[in-house]
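One structure is given below, encoded as structure tokens.
There are 2 protein chains.
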Amino acid sequence: MTVLPLEEMTEERVLLSDRIRNVLTDEIASGALPAGTALDEQQLADRFSASRTPVREALRQLSVSGLVEMRPRRGVIVTRMTPERIMEMFEAMAEIEALCVRFATYRMTPLERSHLMELHRSSEAMVLAGDIDAYDSFNREFHVGIYRATHNNFLVDQAIGIRLRLNAFRRTQLHQGDRLERSREEHDAVMRAIAQGDGDKAARRMRAHMLNAASALGRYIELHQSRDGTY
Amino acid sequence: MTVLPLEEMTEERVLLSDRIRNVLTDEIASGALPAGTALDEQQLADRFSASRTPVREALRQLSVSGLVEMRPRRGVIVTRMTPERIMEMFEAMAEIEALCVRFATYRMTPLERSHLMELHRSSEAMVLAGDIDAYDSFNREFHVGIYRATHNNFLVDQAIGIRLRLNAFRRTQLHQGDRLERSREEHDAVMRAIAQGDGDKAARRMRAHMLNAASALGRYIELHQSRDGTY
DNA sequence: ATAAGCAAGTGTGTATGCACATTGCGCCGA
DNA sequence: TCGGCGCAATGTGCATACACACTTGCTTAT
Numbered sequence: 002m003t004v005l006p007l008e009e010m011t012e013e014r015v016l017l018s019d020r021i022r023n024v025l026t027d028e029i030a031s032g033a034l035p036a037g038t039a040l041d042e043q044q045l046a047d048r049f050s051a052s053r054t055p056v057r058e059a060l061r062q063l064s065v066s067g068l069v070e071m072r073p074r075r076g077v078i079v080t081r082m083t084p085e086r087i088m089e090m091f092e093a094m095a096e097i098e099a100l101c102v103r104f105a106t107y108r109m110t111p112l113e114r115s116h117l118m119e120l121h122r123s124s125e126a127m128v129l130a131g132d133i134d135a136y137d138s139f140n141r142e143f144h145v146g147i148y149r150a151t152h153n154n155f156l157v158d159q160a161i162g163i164r165l166r167l168n169a170f171r172r173t174q175l176h177q178g179d180r181l182e183r184s185r186e187e188h189d190a191v192m193r194a195i196a197q198g199d200g201d202k203a204a205r206r207m208r209a210h211m212l213n214a215a216s217a218l219g220r221y222i223e224l225h226q227s228r229d230g231t232y
Numbered sequence: 002m003t004v005l006p007l008e009e010m011t012e013e014r015v016l017l018s019d020r021i022r023n024v025l026t027d028e029i030a031s032g033a034l035p036a037g038t039a040l041d042e043q044q045l046a047d048r049f050s051a052s053r054t055p056v057r058e059a060l061r062q063l064s065v066s067g068l069v070e071m072r073p074r075r076g077v078i079v080t081r082m083t084p085e086r087i088m089e090m091f092e093a094m095a096e097i098e099a100l101c102v103r104f105a106t107y108r109m110t111p112l113e114r115s116h117l118m119e120l121h122r123s124s125e126a127m128v129l130a131g132d133i134d135a136y137d138s139f140n141r142e143f144h145v146g147i148y149r150a151t152h153n154n155f156l157v158d159q160a161i162g163i164r165l166r167l168n169a170f171r172r173t174q175l176h177q178g179d180r181l182e183r184s185r186e187e188h189d190a191v192m193r194a195i196a197q198g199d200g201d202k203a204a205r206r207m208r209a210h211m212l213n214a215a216s217a218l219g220r221y222i223e224l225h226q227s228r229d230g231t232y
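Line order of the protein sequences matches chains A and B.
The numbering of the first sequence is the working numbering, which starts it at 2 and goes up by one.
The numbering of the second sequence is the working numbering, which starts it at 2 and goes up by one.
Listed below in structure tokens is the structure:
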């Protein structure tokens with residue numbers, strides 16, 4: 002193997018269009034680009050100091066994963082989701098999560114189990130500190146850890162994909178009242194079922210956990226909903 | 002995966018890149034473009050009498066749905082799947098199908114139920130005639146009908162997306178021995194459970210149905226496997 | 001003989017230009 | 001005042017051009 006010149010080590014050697022896609026993905030998932038935002042190709046090209054070509058390719062990819070909506074010759078907008086659609090996604094996500102934790106319970110290695118328990122333990126401090134950012138980040142790791150423990154890489158990819166699309170909404174619901182404490186309690190219940198090796202129980206509790214998060218979000222939407230049915 | 006607008010099906014005023022994507026999707030799913038095939042941009046452009054631009058945009062979209070693999074500056078190939086990966090997909094598909102039929106059992110309207118039963122009934126003639134093409138087409142309708150009966154459009158899109166990616170493999174296993182008859186018998190068992198309103202039973206039977214299909218495919222792969230682990 | 005190095009060729013990645021569909025606005029007529 | 005028509009502006013869709021990364025085959029040196 003040859004030693005790379007310094008510049009190649011520091012410089013991002015990935016495709017420009019992929020970098021743009023990743024940035025846009027993050028911004029949509031984080032809510033920095035709210036639903037309904039029009040994405041002007043030239044404007045984005047200027048922003049990334051690129052031409053429209055890689056921007057277009059990034060937008061094409063985002064449209065497949067459903068983060069943006071392309072209306073032929075009428076431009077691209079960040080997908081505007083109705084409360085119904087969001088609830089459908091949460092419902093599906095709840096089932097996928099339940100499925101994952103059931104598989105994970107039966108298939109995870111002792112190492113994976115201890116890693117997950119350690120992760121779970123570490124979340125207590127975040128709840129006490131009320132650190133939503135830290136908890137949000139932990140939460141992602143926790144759930145992805147469960148996906149991986151299914152030892153089914155395809156399932157992992159699917160679950161991560163859906164989770165990504167719900168990111169923008171998931172995070173908001175953590176602001177609801179005592180949702181942080183409740184979330185951790187529910188994680189705890191799931192972990193106890195895993196420890197008992199009861200995959201079905203873990204699955205039921207995970208489903209409940211996700212549906213609780215959904216209904217917390219539902220209350221949030223009720224409160225903040227705007228006239229056009231989006232928020 | 003996003004649902005295509007209706008106009009794309011009939012009208013010609015569709016995006017060139019979308020038409021190219023659809024054609025390539027079909028050809029990959031049908032096996033006309035076998036796994037590992039290199040997709041040369043200029044060559045495809047010539048074939049569709051277009052420039053490389055819409056071809057590239059189509060390929061970008063296919064890479065997101067996992068049908069092709071883009072290696073930066075090294076071209077695009079039809080995703081070469083290992084038997085392990087295929088089995089993982091079937092396992093996940095089996096669970097998604099089980100989930101869908103469980104939801105469908107509890108939520109389908111009488112109209113949907115009768116439509117599905119009529120569809121199922123019509124498959125008997127195809128089995129007797131040994132018409133694999135007709136059965137394959139019916140099979141798709143049958144399963145998609147179940148997805149739709151979940152009344153969760155997001156779930157429908159997800160399920161169709163996964164089913165699409167498994168198409169090329171699903172079809173081959175129908176050639177295995179008496180798989181056609183067995184498939185219909187399994188459908189029948191699922192339908193009976195639906196008629197009884199027993200969603201869990203329907204789910205278990207559907208899972209078994211999909212896993213049977215997977216193992217039929219597994220036998221097929223055993224027989225036809227090539228040296229590099231793909232087939 | 002094998003491996004390293006070099007050079008030409010192929011094909012991807014990005015930029016740019018142009019055509020036209022869509023939209024918004026203003027003008028005109030009822 | 002209101003609706004229809006048309007024109008201009010905006011921005012997408014596609015074509016084309018070019019630079020350079022990667023590959024391939026040959027040469028050369030050990």
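We treat Cβ as the ideally placed atom computed from N, Cα and C, and that holds for glycine.
Asked, Found
"Residues near ARG206 of chain A by beta carbon distance below 6 Å, same chain, minus five either side", "ALA190, VAL191, ALA194"
"Residue burial classification, VAL15 of chain A (beta-carbon count within 10 angstroms, cutoff 16)", "exposed"
"Contact with chain B by GLU89 of chain A, beta-carbon distance below 8 Å", "yes"
"Distance between ARG103 of chain B and LYS202 of chain B (C-alpha atoms, nearest Å)", "8 Å"
"Chain A contact for PRO73 of chain B (CB, 8 Å cutoff)", "yes"
"Sequence-distant residues of its chain with Cβ nearer than 6 Å to LEU45 of chain A (five each side left out)", "VAL56"
"C-beta neighbour in chain B for ILE222 of chain A, strict 8 Å", "no"
"Delimiting residues of the beta strand (DSSP E) encompassing VAL76 of chain B", "In the sequence under discussion, the amino acid at residue 76 of chain B is Gly, which differs from the Val named in the question. Looking at the DSSP string, the run of the beta strand (DSSP E) that includes GLY76 of chain B is 76-79."
"Simplified DSSP assignment, three categories, for LEU34 of chain B", "coil"
"Extent of the continuous alpha helix (DSSP H) to which MET94 of chain B belongs", "84-108"
"Neighbourhood of ARG20 of chain B by C-beta distance below 6 Å, restricted to the same chain and skipping five residues each side", "none"
"Within chain A, partners of PHE155 of chain B - CB distance below 7 Å", "ARG86, GLU89, MET90, ALA93"
"Beta-ladder partner(s) of ARG70 of chain A, from DSSP", "Here the sequence assigns Glu to residue 70 of chain A, which means Arg is not the residue at that position. According to DSSP, which records beta bridges pairwise, GLU70 of chain A is partnered with A:ILE78."
"Closer than 7 Å at the beta carbon, the chain A residues around LEU16 of chain B", "PRO73"
"Proximal chain B residues relative to GLU58 of chain A, where beta-carbon distance stays under 8 Å", "ARG57, GLU58, ARG61"
"Given GLY162 of chain B as reference, the closest of A:SER66, A:GLU186, A:ALA196, A:GLU113 once Cα atoms are compared", "A:SER66"
"LEU117 of chain B - DSSP class collapsed to helix/strand/coil", "helix"
"Sub-8 Å separation of VAL79 of chain A and MET71 of chain A beta-carbons", "no"
"Neighbourhood of ARG149 of chain A by C-beta, 6 Å cutoff - its chain only, sequence neighbours within 5 removed", "VAL157"
"Alpha helix (DSSP H) segment containing HIS144 of chain B, residue limits", "133-150"
"Any C-beta of chain B under 8 Å from that of LEU100 of chain A", "yes"
"Backbone secondary structure at ALA46 of chain B - three-state DSSP", "helix"
"CB contact check: VAL65 of chain B to chain A, cutoff 8 Å", "yes"
"Residues bridged to ALA194 of chain B (per DSSP)", "According to DSSP, ALA194 of chain B bridges with nothing at all."
"Sequence-distant residues of the same chain with beta carbon closer than 6 Å to GLU9 of chain B, five excluded per side", "Because the pLDDT of GLU9 of chain B is 33, which lies under 50, any placement of that residue in the model is unreliable, and the question is left without a value."
"Coarse secondary structure for ALA51 of chain A, derived from DSSP in three states", "coil"
"Amino acids of chain B, ordered along the chain, whose beta-carbon sits closer than 7 Å to that of ARG96 of chain A", "The sequence shown places Glu at residue 96 of chain A, not Arg. Within chain B, the residues near GLU96 of chain A are LEU100."
"Residues that GLN159 of chain B contacts on chain A, provided the C-beta gap is smaller than 8 Å", "ALA93, GLN159, ILE163"
"Closest Cα partner of ASP199 of chain A within the set A:ALA99, A:ASN213, A:ASN154", "A:ALA99"
"Beta bridge counterpart(s) of LEU40 of chain B as assigned by DSSP", "B:VAL77"
"8 Å CB neighbourhood of ALA214 of chain B in its chain, flanking five on each side removed", "PHE91, ARG171, GLN174, ARG180, SER184"
"Limits of the unbroken alpha helix (DSSP H) element including VAL157 of chain A", "154-174"
"CB of ARG75 of chain B within 8 Å of CB of ALA36 of chain B, strictly", "no"
"Three-state class that DSSP yields for GLY200 of chain A in the structure shown", "helix"
"For GLN177 of chain A, the three-state DSSP class (helix, strand or coil)", "coil"
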